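Notes follow once the structure below has been shown.
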Amino acid sequence: RRLACAPAKAHGPAPHMAPRVAGAAALAWAPTFLPLALGSVVVAPNASTALTPGSQPGCIWPNCTYGCQGCASVPFTTCLIPLPFDSCGPNAKCGNRLCLCSPGFCHYSGADGCVPAACHNGAYPPPYHPSWWSTQFSSLGPEVPRSSEREEWAAFALDTAHLPAVVFVLGIAIATVTCIFVSGVEENTLFDCLPVTPYLLLFCSVLALLIVVFGIARQHVAMVGVFDVAKSQLRSLHADIKNVSGRITVLNATCANLSVSFFKLPESCDHAVAFSRAGSQLVVDRGGKYVDQVVREISKFSSSLVSLDAKISLAEDLSSSFETVIIGMPILPVLCMVCVTAAIVIITLVSWFHHDPEVADEADDAFFRYGGCCITTLIISTGALAAAYLWTGIAEGAMCMNVDENIVNIVSDVNFTKVGNVSQAVELLIDQALEHYILGTAANPLVTKISEVENMLNELLGVWNNTHMIVSAASEVCKGLKNFNVPGTIGQVEAALQTAKGLLHASTIWPYYQQIMHHLICGSLIQAQGWLVTINVVVGLVFFPLLALIAHADLDRWSHWKSQNSRGSRARGQRPRRRHLGKSWHQEEDSEEESETLPPSQEKLWLMSDPQQMPQRLPMQQYPIGPAGVPYMAWQG
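Numbering (mature numbering (1 follows the signal peptide of the UniProt record, and there is no 0)), first residue to last: -39 to -1, 1 to 598.
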């Protein structure tokens, strides 16, 4: 109405009103023109057509993976008027007044409608060869179930526990027999064939000590290596996530500002121009839900990345906090073996080399008083540990024999819709992602999703370029349109998506999987478990019973022999024998053969009868030399 009443010259409105008139016309035609502009852009498909990988020359996993070409940006068609029949043709669907190709199809230049996407082959991941320990462990139990049925996994756990249960019962039986033997036998003749000096006892003790120390060192080195690799992988992943999270956070703020400017567009229009507010409001009403959807999805993605960043930081902190506990817990029982074995070595050395029978007796009595109980308890504990390590080793070895397919089958059988309350689309996405990252037999669905978003951005950029003149004209009426920097915003989004694409590519993800599953779980960890089982069985069920049996007979005979053949303060008679392990250590009643003392020498009888006549001692150099280089303090009569 105001345009009709405005004073005019020969032709049209005043010159200063021309931009406003063009802007009003642009706003009036914008809701109709947008679908036509969108018609010149085709969205790339969700290409998921699987081809046989490995046929491309020079294609090496994980840099060369299965993928499909993007669709060419050529005009397709629109579906402005809804029809009862499919107006877009086969392999296409109508969405947002556009005919879009279905997933797996593209509209290439010169093609009639949507045709299958042109995909290129990739390479297979290198086959995993199980380690020697995995092979040995897996031979002791059943195969991994192929389904997620709870009954099958319960049967698998029960079948793998048969041999560990035998080891545990064997440990209890050996400990019981050892305790009965060292506690109930009064006189032992089984070891009379051994030498009088405890060479065998000392040899077994030192050998057991060396084996235990070797096991501790190997376990420590293996676990430290595992944690070093795990922390390195976490740090690398954390850096990648932090990079993408920072970009998405900036993008989220940019999109939020763009959304605010978009919804405030009618307020920025000049009310003096007819239809300006109505046209801009119509644009906001038509495009508001799409803007809200984009902002909401980007906000969700940003929140997910921030949450993932926090969880990875927590995992790094927990790995540092529990590293000492996880490394030290399996070694604590082995350290007990070291303490007991070292005590046996010390007692043996004191009993062997000390010239005083009193000191030797105290060392022997300490072992006889506490050694039997400690060794019996340690035999049972080492048997239990060996059974536990063997149980986990058998299950882990069965899994590692075909680790890649086992993981894919297990995850595919898990119903994440029930377990994690996720949609079936997400569950299908997880299955496809695992097949791509682990087996290399499908396209990467995550990268495909990002490619779809990139094509949507290209679509939006194409719309902007096609409507740039209209938007520029409309900005003369609605100043808020000047705040829209669509190319800059799209550039930020594409930069973030390219970073996310690199993060989600197989060349980034597969090395994490290879390090964690192939090298750590199926490599270092199962090897460490194998050595722990071996050390616990050899030392706990073989060496410790032998040490207990030999020590209770050998040390007693050795100390008794020393008391008979030494010439110290107790050389006048024979030392009474002790009772054996497990009893209160007191001397037995002296028999004629063992407790009868030698008669005093003539020199001492003479001294007792006439103590005033003190004989002269010989010079030191004239004393006869006794055992261990000690001169006899003989008196001259």
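Glycine included, each C-beta is placed from N, C-alpha and C at the ideal position.
Here the structure is a predicted model, which is why all the values come from computation and not from measurement.
Work out the CA separation of residue 271 and residue 68 for me, nearest whole Å.
To locate residue 68, count along the sequence shown from 1; it is residue 107. To locate residue 271, count along the sequence shown from 1; it is residue 310. Roughly 42 angstroms separates the two Cα atoms.
Measure the C-alpha to C-alpha separation of residue 430 and residue 217 and round it to an integer number of angstroms.
The residue given as residue 430 occupies position 469 in the sequence shown. The residue given as residue 217 occupies position 256 in the sequence shown. About 25 angstroms.
According to DSSP, is residue 134 part of a helix, a strand, or is it coil?
In the sequence shown, counting from the first residue as 1, residue 134 sits at position 173. DSSP places residue 134 in helix when its eight states are reduced to three.
In chain order, what residues of the same chain lie with their CB nearer than 8 angstroms to the CB of residue 366, ignoring the 5 residues before and after it?
Reading the sequence shown from its first residue, position 405 is the one you call residue 366. Taken in chain order, the residues that qualify are 400.
How far does the alpha helix (DSSP H) with residue 163 in it extend, from its first residue to its last?
Within the sequence shown, the letter at position 202 stands for residue 163. Taken as a continuous stretch (DSSP letters only), the alpha helix (DSSP H) holding residue 163 covers 160 to 224.
Just list the residues that DSSP pairs residue 61 with in beta bridges.
Position 100 of the sequence shown holds residue 61. Residue 61 pairs with 54.
Below 8 angstroms, can you find three or more Cβ-Cβ pairs linking the segment 491 to 510 to the segment 163 to 175?
The segment 491 to 510, when compared against the segment 163 to 175, does touch it at the 8 angstroms Cβ threshold.
What's the C-alpha gap between residue 28 and residue 418?
If you number the sequence shown from 1, residue 28 lands on position 67. If you number the sequence shown from 1, residue 418 lands on position 457. When rounded, the distance between both Cα atoms is 20 angstroms.
Are the CB atoms of residue 466 and residue 408 nearer to each other than 8 angstroms?
The residue given as residue 466 occupies position 505 in the sequence shown. The residue given as residue 408 occupies position 447 in the sequence shown. Result yes, Cβ atoms of residue 466 and residue 408 sit closer than 8 angstroms.
Applying the 10 Å Cβ sphere with the 16-neighbour rule, what's the burial state of residue 24?
Here residue 24 corresponds to residue number 63 of the sequence shown, with the count starting at 1. Exposed, since its Cβ has fewer than 16 Cβ neighbours within 10 Å.
For residue 179, which residues from the same chain have a beta carbon less than 6 angstroms from its beta carbon, with the 5 sequence-adjacent residues on both sides left out?
The residue given as residue 179 occupies position 218 in the sequence shown. Within the same chain, residue 179 has close Cβ partners 492.
Can you name the start and end residues of the alpha helix (DSSP H) that residue 474 belongs to?
The sequence position of residue 474 within the sequence shown is 513, counting from 1. Its alpha helix (DSSP H) spans residues 467 to 474.
Assuming residue 340 contacts residue 135 (C-beta within less than 8 angstroms), just tell me the rounded distance between them.
Here residue 340 corresponds to residue number 379 of the sequence shown, with the count starting at 1. Here residue 135 corresponds to residue number 174 of the sequence shown, with the count starting at 1. With 8 angstroms as the limit, residue 340 and residue 135 qualify as a contact, their Cβ atoms being about 6 angstroms apart.
Taking C-beta to C-beta, are residue 324 and residue 312 nearer than 8 angstroms?
Stepping through the sequence shown from its first residue, residue 324 is reached at position 363. Stepping through the sequence shown from its first residue, residue 312 is reached at position 351. Yes, these two residues count as a Cβ contact at 8 angstroms.
Of the residues 388, 364, 338 and 363, which one's Cα is nearest the Cα of residue 373?
Your numbering for residue 373 matches position 412 in the sequence shown. Checking every option, the nearest Cα to that of residue 373 belongs to 388.
Whole-angstrom Cβ separation of residue 489 and residue 298, contact assumed at under 8 angstroms?
Residue 489 sits at position 528 when you count from the first residue of the sequence shown. Residue 298 sits at position 337 when you count from the first residue of the sequence shown. That pair is no contact at about 17 angstroms.
Could you say which of 188, 518 and 107 lies nearest to residue 482 if we only look at CA atoms?
Taking the first residue of the sequence shown as position 1, residue 482 is located at position 521. Minimum Cα distance to residue 482 is reached at 188.
Checking 8 angstroms against the spacing of the C-beta atoms, do residue 169 and residue 494 come in under that value?
What you label residue 169 is simply residue 208 of the sequence shown in a count that begins at 1. What you label residue 494 is simply residue 533 of the sequence shown in a count that begins at 1. No, Cβ-Cβ distance for residue 169 and residue 494 is not below 8 angstroms.
What separation, rounded to the nearest whole angstrom, lies between the Cα atoms of residue 256 and residue 88?
Taking the sequence shown and counting its residues from 1, one reaches residue 256 at position 295. Taking the sequence shown and counting its residues from 1, one reaches residue 88 at position 127. Going by the C-alpha atoms only, they are around 43 angstroms apart.
Taking DSSP as the reference, what is the three-state secondary structure of residue 599?
As shown, the chain starts at -39 and ends at 598. That puts residue 599 outside it, with no answer to give.
Out of 496, 475 and 513, which one is the CA nearest neighbour of residue 91?
As a first step, residue 91 is located in the sequence shown; it is residue number 130 there, counting from the start. Of 496, 475 and 513, the residue nearest in Cα terms is 475.
Once the 5 residues before and after residue 20 are set aside, which same chain residues still bring their CB inside 6 angstroms of it?
Mapped onto the sequence shown, residue 20 falls at position 59. The residues are 84.
Assuming residue 122 contacts residue 352 (C-beta within less than 8 angstroms), just tell me the rounded distance between them.
The sequence position of residue 122 within the sequence shown is 161, counting from 1. The sequence position of residue 352 within the sequence shown is 391, counting from 1. At roughly 6 angstroms, the Cβ-Cβ gap stays under 8 angstroms, so residue 122 and residue 352 are in contact.
Assign residue 449 to buried or exposed, taking buried as 16 or more other Cβ atoms, counted over all protein chains shown, within 10 Å of its Cβ.
Looking up residue 449 in the sequence shown gives position 488. Burial call: exposed.
According to DSSP, simplified to helix, strand and coil, what is residue 401?
Sequence index remark: in the sequence shown, residue 401 carries index 440 (1-based). Correct three-state label for residue 401: coil.
Looking at the structure shown, is residue 28 part of a helix, part of a strand, or coil, going by DSSP?
Here the question's residue 28 lines up with position 67 in the sequence shown. Note: residue 28 maps to strand in three-state DSSP.
Which word fits residue 547, buried or exposed, when buried means at least 16 other C-beta atoms lie within 10 angstroms of its C-beta?
Here the question's residue 547 lines up with position 586 in the sequence shown. Note that residue 547 has pLDDT 40, beneath the 50 cutoff, so the model's placement of it is unreliable and no number is given.
Rounded C-beta distance between residue 211 and residue 453? I'm assuming under 8 angstroms.
For this step, residue 211 is matched to residue 250 along the sequence shown. For this step, residue 453 is matched to residue 492 along the sequence shown. Contact holds; Cβ gap of about 7 angstroms.
Throw me the rounded Cβ distance for the residue 199 and residue 260 pair, which I believe falls under 8 angstroms.
Position 238 of the sequence shown, counted from the start, is the residue given in the question as residue 199. Position 299 of the sequence shown, counted from the start, is the residue given in the question as residue 260. Contact doesn't hold; Cβ gap of about 22 angstroms is too wide.
If I'm right that residue 398 touches residue 497 with Cβ under 8 angstroms, what's the distance once you round it to whole angstroms?
By one-based count along the sequence shown, residue 398 stands at place 437. By one-based count along the sequence shown, residue 497 stands at place 536. Actually they do not touch by this definition, with Cβ atoms about 37 angstroms apart.
Leaving out five residues before and five after residue 66 in sequence, what residues of the same chain have Cβ atoms less than 7 angstroms from its Cβ?
Position 105 of the sequence shown, counted from the start, is the residue given in the question as residue 66. Result list for residue 66: 6, 52, 75, 76, 77 and 78, in chain order.
How many whole angstroms separate the CB atoms of residue 370 and residue 111, which I take to be in contact at a CB cut-off of 8 angstroms?
Within the sequence shown, the letter at position 409 stands for residue 370. Within the sequence shown, the letter at position 150 stands for residue 111. So it is not a contact: roughly 16 angstroms between Cβ atoms.
Between the C-alpha atoms of residue 406 and residue 393, what's the straight-line distance to the nearest angstrom?
Here residue 406 refers to the residue found at position 445 of the sequence shown. Here residue 393 refers to the residue found at position 432 of the sequence shown. Residue 406 and residue 393: Cα-Cα distance of roughly 6 angstroms.
Taking the continuous alpha helix (DSSP H) assigned at residue 112, which residues delimit it?
For the purposes of this step, residue 112 is taken as the residue at position 151 of the sequence shown. Unbroken alpha helix (DSSP H) run through residue 112: 111 to 121.
How would you write the range of the alpha helix (DSSP H) that residue 297 sits in, first residue to last?
Here residue 297 refers to the residue found at position 336 of the sequence shown. Start and end: 293 to 314.
Would residue 131 pass as a contact of residue 355 if the rule is Cβ separation under 8 angstroms?
Locating residue 131 in the sequence shown gives position 170, counting from the first residue. Locating residue 355 in the sequence shown gives position 394, counting from the first residue. For residue 131 and residue 355, no; Cβs fall outside 8 angstroms.
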